[in-house]
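In order, the protein sequence lines correspond to chains A and B.
Numbers given in the working numbering equal positions in the first sequence, counted from 1, plus 7.
Numbers given in the working numbering equal positions in the second sequence, counted from 1, plus 516.
Cβ coordinates follow ideal geometry from the N, Cα and C atoms, glycine included.
Every value quoted in this text rests on a predicted model; they were computed, and no experiment measured them.
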Amino acid sequence: MKELVWLIPVLPFLGALLNGALLRGRISKKAAAVIACGIIGLVAVLSLLIIGDYLTSTEGQSPRVPFERDYYTWIPAGAIHTVVGGVRNFNVGMGFLLDPLSCVMLFVVTFVGFWIHVYSIGYMAHEDGFQRFFTYLNLFMGAMLMLILGNNYAVMFVGWEGVGLCSYLLIGFYFKEEFPPYAGRKAFITNRVGDFAFVLGLFALIANFGTIKFTELFPKIAANRTLMEGHYLLGLSLASFIALALFIGATGKSAQIPLFVWLPDAMAGPTPVSALIHAATMVTAGVYMAVRSNVIYQLSPGVSLFVATIGAATALFAGTIALAQYDIKKVLAYSTVSQLGYMFLAVGVGAYTSAIFHVMTHAFFKALLFLGSGSVIHAMGGEQDMRKMGGLRKHLPVTARTFRIGTLAIAGVPLFAGFFSKDQILGAAAGHGHWVLYGMGLLTAALTACYMFRAFRLTFHGEFRGTHEQEHHLHESPPAMLWPLRVLAIGAIVAGYVGIPLAMTFDTVDLNNFDHLVDDVLVSVKGIANPEHHTLGFELILIGASIAAAGLGIFVAWRIWGRRRGMAGEEAVVGFYPPGHRVLENKYYVDEIYDATVIRGYWAFARGLYRFDAAFIDGFLVNGTRNVTVHLLSLGSNLFDKYVVDGLVNLTGRLLDGFSRGLRRLQTGYVANYALILAMGMFALVVFYMVVLRRG
Amino acid sequence: MLEITTNHYLVLSFALFAIGIFGIAARKNMITVLMSIELVLNSVNINLIAFSAQHGNLTGQIFAIFTITVAAGEAAVGLGILISLFRLRETTSLDQATDLKG
């Protein structure tokens with residue numbers, strides 16, 4: 008069964024080909040939806056079978072041996088010089104890899120992806136470009152699956168760019184409006200900044216190790232520790248350089264400081280896109296890549312700490328912004344940025360499995376929340392401002408219930424999925440003694456609970472604040488949208504139970520299966536010790552702190568926005584310290600700062616180049632060349648032509664002219680003269696004959 | 517008694533030739549020039565016949581007959597040109613016919 012792994016990325020591409028090219032505009036919406044969802048459903052089932060096959064066939068191995076297939080040589084680059092191993096052939100194969108990490112990602116992407124496809128049928132039913140939408144969605148799935156299944160960085164990078172492209176296409180899906188295409192471009196260009204660094208990191212890997220195939224590369228890295236820790240560039244060790252380059256790539260894709268600005272704007276796309284790409288799957292690609300490259304991060308503690316700091320800072324920063332947003336999707340977008348910050352915090356402190364665990368639980372509850380918000384927006388006729396909502400739970404009971412589950416899960420309420428993963432990350436931060444990072448994480452946890460309950464209360468409780476028309480239009484969404492909500496709600500509850508920390512069973516039963524599974528992809532490096540195990544009491548205190556933080560957040564939210572106070576509570580918050588609220592509502596003016604510095608700076612730079620071009624290149628070089636040519640060279644050429652070439656011609660003419668002027672004198676026209684010459688000639692001949700010849 | 521030898525003929529021939537050349541070069545009337553040409557041609561004929569007699573064969577005499585024939589043709593053409601010139605210029609003076617001057 009696992010031999011069929013190549014089908015997983017190929018099938019969605021096939022779907023995109025069918026809907027996007029072969030059957031474009033020829034089939035009904037229904038048929039297009041059946042093709043797109045059917046293929047993703049097939050892929051999801053196939054993935055489950057393949058994952059099952061892989062896990063059973065590697066049962067008992069420690070660590071599990073990855074299943075790998077190279078299908079063909081994609082880039083036969085030939086001989087290159089490498090630091091390790093001298094000159095060797097460098098070929099990149101098109102190949103796929105199955106190991107516990109890709110299995111987890113495969114499951115999350117196909118499962119969540121399938122339900123979001125189903126949801127899209129209902130959500131997009133009345134939209135133009137229905138088939139185009141499903142084409143892009145299939146294309147995205149293909150690229151994403153390629154990203155997580157690729158057995159080397161190059162295949163991963165193709166998927167990485169592919170999802171970026173689909174993200175761009177889907178953000179700008181409503182291309183007739185002004186803002187979405189702009190947001191799409193912003194996302195694409197911001198990602199390019201990160202990709203530049205990512206590619207630099209790959210080049211450093213190729214130049215040093217001559218391979219980018221995971222199963223060959225990582226053992227080599229682990230074996231060449233001295234090389235990795237030696238100085239490479241810019242005062243960084245090789246490991247730090249690569250780790251930093253890859254992390255900068257990840258900040259673009261996974262929306263971390265400073266490249267997070269595109270993600271909130273990406274909400275201009277249709278809501279299922281926000282759920283699939285900008286919450287559950289694509290934005291976690293950076294985390295996946297960092298976890299995949301864990302050996303590099305293990306060898307670079309400095310960059311790891313940097314990653315953790317950026318992660319924690321992003322988590323806190325985005326969390327505070329989410330607190331003051333009124334657009335329901337913007338709240339969720341900043342929440343996503345914040346949760347991605349958590350994941351990088353986990354990567355930074357070395358809790359790689361916890362990062363992937365949070366990727367998985369987050370995929371469930373954040374997809375659920377986005378789809379719930381989509382259901383609300385659908386019912387509100389496109390309205391996204393929470394100030395115009397309120398009391399929607401009466402009209403949208405299923406949406407409200409599932410949204411509440413999502414809120415509880417993300418808030419970290421015990422027994423919901425988010426609790427387990429978030430607690431593990433915070434535990435890891437505390438366990439490594441990063442108390443400042445732990446504090447930031449804990450504060451973010453409280454903030455998360457607070458802003459999510461605020462969003463929930465403002466949307467679903469209190470009095471309806473929209474127009475009469477909107478109130479009349481309110482209706483629960485069709486079943487195609489409700490079933491995904493229900494399924495993902497169950498996921499948001501149970502997804503955490505695959506990784507129950509040891510401390511939660513009071514060290515009696517080891518239920519942390521997830522950790523043991525994904526642990527296999529961690530490359531052990533000689534001399535780097537695993538984190539020590541903490542005492543049960545310490546762990547329990549940490550768990551208690553997490554619960555307390557979530558509780559505090561919910562309590563504060565309840566006091567302000569609960570008890571039917573709704574907008575009154577919001578006004579109280581705004582009135583408490585208006586300038587502070589304004590700063591948060593305007594997202595710390597980060598976009599404005601970027602506009603004033605980076606974008607305007609770039610324009611100024613471009614204008615400078617333009618002036619340089621106009622003045623120096625055009626003015627000095629080009630016109631100068633022209634002046635030299637025209638005034639000097641052509642003048643010289645002209646003179647040469649005039650006096651040397653023409654001179655020769657005229658000289659010939661004058662010579663001939665003078666000569667013939669002399670000859671013309673002979674032609675007098677008098678016959679007598681001719682006769683005389685004739686006679687004299689004859690006389691001369693006779694004389695010649697008689698005097699000269701006779702004598703000899 | 518003076519015997520007539522080839523030398524006498526040659527002297528006569530040279531005299532005639534010289535008179536002919538003088539006539540061609542010095543006279544302006546075209547008729548006179550044509551007549552001088554006849555003199556030159558006939559001086560050559562005398563030469564040919566004199567040598568023919570001296571050598572005792574007929575080659576020179578036959579050659580002289582050819583020369584007379586050519587001279588007749590030459591005189592006909594020359595007189596034709598003369599008449600054309602006269603019609604054109606109303607004169608027979610060669611000094612008036614210098615159009616080929618270079």
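Gly-389 of chain A is classed as exposed because its beta carbon has fewer than 16 other beta carbons within 10 Å across all chains shown. When the alpha-carbon of Val-111 of chain A is set against those of A:Gly-665, A:Leu-640, A:Val-505 and A:Leu-415, the nearest one is in A:Val-505.
Gly-93 of chain A sits in a strand when the DSSP states are folded into three classes.
Cα atoms of Phe-426 of chain A and Ala-416 of chain A: separation of roughly 7 Å, rounded to the nearest angstrom.
Of the candidates A:Ile-128, A:Leu-323, A:Ala-286 and A:Leu-21, A:Ala-286 places its Cα closest to the Cα of Ala-340 of chain A.
Residues of the segment 673-684 of chain A whose Cβ lies closer than 8 Å to any Cβ of chain B, in chain order: Leu-673, Gln-674, Thr-675, Gly-676, Tyr-677, Val-678, Ala-679, Ala-682 and Leu-683.
Within the same chain, Cβ atoms closer than 6 Å to the Cβ of Glu-546 of chain A are found at Ala-510, the five residues on either side in sequence being excluded.
The continuous stretches of alpha helix (DSSP H) do not include Leu-30 of chain A, and DSSP gives it neither H nor E. Cβ-Cβ distances below 8 Å link Thr-222 of chain A to Pro-73, Glu-75, Leu-104 and Asn-158 in the same chain, with the five nearest sequence neighbours on each side left out; the list follows chain order. The alpha-carbon of Met-574 of chain A is positioned some 28 Å away from that of Met-488 of chain A. Excluding sequence positions up to five before and after Leu-154 of chain A, its CB lies within less than 7 Å of the CB of Met-163, Gly-166, Trp-167, Val-170 and Ala-292, all in the same chain and listed in chain order.
Within its own chain, the residues whose Cβ lies closer than 6 Å to the Cβ of Asp-77 of chain A, once the five positions on either side in sequence are excluded, are Gly-100 and Gly-102, listed in chain order. Approximately 5 Å separates the beta-carbon atoms of Ser-311 of chain A and Gly-355 of chain A; this is inside 8 Å, confirming the contact.
For His-238 of chain A, the enclosing beta strand (DSSP E) begins and ends at 238-240. Against chain A, a Cβ distance below 9 Å from Ala-580 of chain B picks out nothing, because the smallest value is about 20 Å. Contact of Ala-691 of chain A with chain B is not assigned, every C-beta pair being separated by 8 Å or more.
By alpha-carbon distance to Cys-173 of chain A, the top candidate from A:Glu-185, A:Lys-183, A:Met-148 and A:Tyr-160 is A:Met-148. Inside the segment 94-163 of chain A, DSSP marks whole alpha helix (DSSP H) runs of 4 or more residues at positions 107-130 and 137-156, from first to last along the chain. Contact check for Met-131 of chain A against Ile-57 of chain A fails: the beta carbons are separated by 8 Å or more. When only Cα atoms are considered, Ala-542 of chain B and Ser-568 of chain B end up about 32 Å apart.
In this structure, the beta-carbon distance from Val-12 of chain A to Leu-177 of chain A does not fall below 8 Å.
No Cβ of chain A is located within less than 8 Å of the beta carbon of Ala-569 of chain B.
Comparing alpha carbon positions, the residue from A:Leu-283, A:Ile-561, A:Ala-452 and A:Ala-319 closest to Leu-444 of chain A is A:Ala-319.
By the neighbour-count criterion, in which a residue is buried when 16 or more other Cβ atoms sit within 10 angstroms of its Cβ, Leu-518 of chain B is exposed. With contacts defined as CB atoms closer than 8 Å, Ser-531 of chain A and Ser-428 of chain A fail to qualify as a contacting pair.
For Trp-442 of chain A, the enclosing alpha helix (DSSP H) has its first and last residue at 442-467. Per DSSP, the continuous alpha helix (DSSP H) segment holding Val-294 of chain A begins and ends at 292-299.
Comparing alpha carbon positions, the residue from A:Val-294, A:Leu-146 and A:Trp-568 closest to Phe-463 of chain A is A:Trp-568.
With a threshold of 8 Å between beta carbons, Ile-584 of chain B makes no contact with chain A.
Where Phe-602 of chain B is concerned, the enclosing alpha helix (DSSP H) starts and stops at 575-605.
Residue burial is scored here from C-beta neighbours: Met-687 of chain A has fewer than 16 other C-beta atoms within 10 angstroms and is therefore classed as exposed. Assignment of His-88 of chain A by DSSP, reduced to helix, strand and coil, places it in the strand class.
The C-alpha of Thr-89 of chain A lies about 24 Å from the C-alpha of Gly-256 of chain A. Note on geometry: alpha-carbon atoms of Ser-35 of chain A and Gly-27 of chain A lie some 13 Å from one another.
Apart from sequence neighbours up to five positions away, the residues of its chain that approach Ala-229 of chain A with a beta-carbon distance below 8 Å are Val-302, Val-530, Ser-531, Val-532 and Lys-533, ordered along the chain.
Excluding sequence positions up to five before and after Glu-470 of chain A, its CB lies within less than 6 Å of the CB of Gly-397 and Gly-398, all in the same chain and listed in chain order.
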